[in-house]
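**Q**
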Amino acid sequence: EVYQRRLDSLLTPISMPYNDIVHNFIQLYTVQRRDQVRRMLSVKDYYFDYFEEELDKAGLPLMLKYMPVIESALHPTVRSHAGAVGIWQFMYATGKMYGLEINAYVDERRDPYRSTEAALRYLKDMYAIYDDWLLVIASYNCGPGNVNKAIRRSGGHYDFWKIYRWLPRETRGYVPAFIAAAYTFEYAEAHQLFP
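Residues 2 to 196 (this note's numbering) make up the sequence shown, in order.
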């Protein structure tokens, strides 16, 4: 009940429902990964002011600033097992498509400024297609092709929770993890989480 009330009080156009899946991710951040959350809280001010400024300029919801928490745990140089790089975890092809310079000398996926600009363009493009922020966030994780396939298999639903079972396993956890990350950062002090 407390979690639901807190999520409902977040002022955002992004749907922030509370359910068992979201609850499990909130527990993950507020109980099991407390040290990792504390580290992220200690570096968030380096990034979140810039993210918010750019999101505001782009007319996007400020809560999207929590996506890099899920993507990279706010590590600008991290590389995933799949080859995604940087704080926004761009794959090579997507980074190039969104104007990031990637060659033997420079990799702008590791540049928090350039990669943020590219990520926001991607998010705007996906919102123009889906008109639903949870589907946009899902597409950021698995690509629009997988989201479109899940929509078709669900019978044409444009609702994350209605296409949930047709999405790739990682994406099924990605959106609830985003909701839980937003909750955790917004209510860190209520869980005795400090930088």
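Note that the Cβ used here is the ideal one computed from N, Cα and C, for glycine as well. A quick note: this is a predicted structure, and the numbers were derived from the prediction, not measured.
#1: Check whether the Cβ atoms of Tyr30 and Ala181 lie closer than 8 Å to each other.
#2: Let me confirm a value: Lys45 is counted as buried when at least 16 other C-beta atoms fall within 10 Å, else exposed. Which label applies?
#3: From Asp108, Met68, Leu75, Met17, pick the residue whose C-alpha is nearest to that of Gly84; which is it?
#4: Can you check the region 34–62 for any alpha helix (DSSP H) of at least 4 residues that lies completely inside it and give the ranges in chain order?
#5: Taking 7 Å as the cut-off, is the beta-carbon of Leu65 closer than that to any non-hydrogen atom of the ligand ZN?
#6: In terms of residues, what are the limits of the alpha helix (DSSP H) holding Met68?
#7: My output table needs one value for Phe186: the three-state DSSP class, helix, strand or coil.
#8: Tell me which residue opens and which closes the alpha helix (DSSP H) that Tyr114 is part of.
#9: With DSSP as the reference, label Val86 as helix, strand or coil.
#10: Given a threshold of 16 other Cβ atoms within 10 Å of its Cβ, counted over all protein chains shown, does Val70 qualify as buried or as exposed?
#11: Verify whether the separation of the beta carbon atoms of Tyr232 and Phe186 is less than 8 Å.
#12: If contacts are defined as beta-carbon pairs under 8 Å, then Ser16 and Trp134 qualify, I think. What distance do you get, rounded to the angstrom?
#13: Return the residue from the list Ser43, Asp21, Ala191 that minimises the CA-CA distance to Arg173.
#14: Could you pull out every residue in the same chain whose Cβ sits closer than 7 Å to the Cβ of Ala139, ignoring the five residues on either side in sequence?
#15: What's the C-alpha gap between Asp132 and Tyr159?
**A** From the atom records:
#1: yes
#2: buried
#3: Asp108
#4: 35–59
#5: Ligands are entirely absent from the displayed structure, and the ligand ZN is therefore not among its contents.
#6: 68–73
#7: helix
#8: 113–131
#9: strand
#10: buried
#11: Residue 232 falls outside the range modelled here, since the chain spans only 2 to 196, and no answer is possible.
#12: 7 Å
#13: Asp21
#14: Val148, Phe161, Leu168, Thr172, Tyr175, Val176
#15: 9 Å
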